[in-house]
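Just so we're aligned, residue 12 is where the sequence shown starts under this note's numbering, counting upward by one. Note that the Cβ used here is the ideal one computed from N, Cα and C, for glycine as well.
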Amino acid sequence: MSAEKYLESLRESIVNLDFGAVVKAAEEAMAEGLDPNLVINEGMVPGMAIVGEKFERGEYFLSELVVAAEVMKEGLKVVTPYLKGDSAQKLGKVVIATVEGDHHDLGKNIVSSLLRVQGFEVVDLGVDVPTERIIAAVREHQPAILGMSALLTLTMPKMGEVITTLKETSLRGKVKVILGGTPVTDEFAQSIGADHRAANALEGVKKCVEWVTSQERRN
Ligand code: B12
12 MSAEKYLESL
22 RESIVNLDFG
32 AVVKAAEEAM
42 AEGLDPNLVI
52 NEGMVPGMAI
62 VGEKFERGEY
72 FLSELVVAAE
82 VMKEGLKVVT
92 PYLKGDSAQK
102 LGKVVIATVE
112 GDHHDLGKNI
122 VSSLLRVQGF
132 EVVDLGVDVP
142 TERIIAAVRE
152 HQPAILGMSA
162 LLTLTMPKMG
172 EVITTLKETS
182 LRGKVKVILG
192 GTPVTDEFAQ
202 SIGADHRAAN
212 ALEGVKKCVE
222 WVTSQERRN
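Spelled out as structure tokens, the structure:
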């Protein structure tokens, strides 16, 4: 079977809310030696985007979104162990969170996994994390990078609140801030004073590696 066939069946199994099919397609794709990054980013993520479109058109309800997210999590469980990187490198710490009011975590979890395989130590604070808890974690762990995720337009201002608080507490200069999540735009990231907005997990992780390795070269 061609790579595209596996990607297609992964997309379909998420759209069809089929736990058995996602696990089977993910296992077969790994057995065929497909790149796990490709499988996640071009198989599973687009599958979930189709689910989102169906929700927008009123073809799927919230209950279907919940199940689709669980189906994708099952697929990720199969593929994540195959992600390769240089986990022997020590690239520093990243604190990551989905901001307060927001329970979406699939994207954040993919970013956390990819960062770990690259050699970052990731402190994942989870979902619906209040600003004070994010600030406390930055103070405690002194990460090189803070990553924030928001999928709801309504929760995006929380990202601005975190950055303002980082400034007020003199922590802003000590940490790079990267944002992700579909509604977050470059303009928004700039307007709240973030360092970068990632278009997707792979691009975001590349930026994080770039930051810490250019820092190492300077030291
Ligand atoms: C799955 C889903 C859910 C699941 C979430 C399960 C979970 N564990 O995450 C459930 C069912 C719980 C849910 C609930 C709700 N949802 Co919802 N959900 C979605 C859906 C279909 C997919 C999101 C997703 O997981 N995509 C797959 C992941 C992998 O993609 P991603 O998150 O974009 O992440 C990628 C990048 O953005 C990036 N990234 C993400 N975060 C970060 C962070 C960093 C640091 C970096 C570097 C990169 C990065 O990397 C990822 C991989 O490339 C979207 C539709 C869509 N098209 O996005 C709606 C959507 C986000 N939901 C929506 C809504 C309205 C809701 C609810 C309010 C519904 C309701 N009436 O209750 C609730 C809110 C609950 C809450 N308080 O958070 C709206 C948001 C509209 C808006 N702009 O505000 C959307 C857009 C659907 C729609 N079109 O209406 N949802």
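Query: Option in E23, H207, T176 with minimal Cα separation from V82; Result: E23
Query: Neighbour-count burial assignment, T142, 16 or more Cβ in a 10 Å radius; Result: buried
Query: Euclidean distance between Cα positions of N48 and L94; Result: 7 Å
Query: Segment contact, 8 Å Cβ cut-off, at least three pairs: the stretch 170-178 with the stretch 116-134; Result: no
Query: Through-space distance from N27 to A60, alpha-carbon basis; Result: 13 Å
Query: beta-carbon I189 near the ligand B12 non-hydrogen atom, thresh 7 Å; Result: yes
Query: Coil, strand or helix - R144 by DSSP; Result: helix
Query: Nearest to E85 (by Cα), restricted to the options L21, G171, G191, A212; Result: L21
Query: A147 versus G112, S160, I25, A108, residue with shortest Cα-Cα distance; Result: A108
Query: Buried versus exposed, by CB contacts within 10 Å (16 or more), A36; Result: buried
Query: Boundaries of the alpha helix (DSSP H) in which D135 is found, first to last residue; Result: Taken as a continuous stretch (DSSP letters only), D135 belongs to no alpha helix (DSSP H), being part of the beta strand (DSSP E) at 131-135.
Query: Selected residue, minimal CA-CA separation from E53, among N211, W222, L190; Result: N211
Query: Y71 to A42 span [Cα, whole Å]; Result: 32 Å
Query: Check whether G171 and I203 have beta carbons under 8 Å apart; Result: yes
Query: Residue from L182, A209, F199, E67 whose Cα sits closest to the Cα of I189; Result: A209
Query: Limits of the beta strand (DSSP E) - the one that M11 falls within; Result: Since the first residue shown for the chain is 12 and the last is 230, residue 11 is missing from the structure and cannot be characterised.
Query: Assigned secondary structure, T176 (DSSP; H/G/I helix, E/B strand, else coil); Result: helix
Query: Residue range of the unbroken beta strand (DSSP E) whose run includes S160; Result: 156-160
Query: Proximity below 8 Å, CB of D116 to CB of V138; Result: yes
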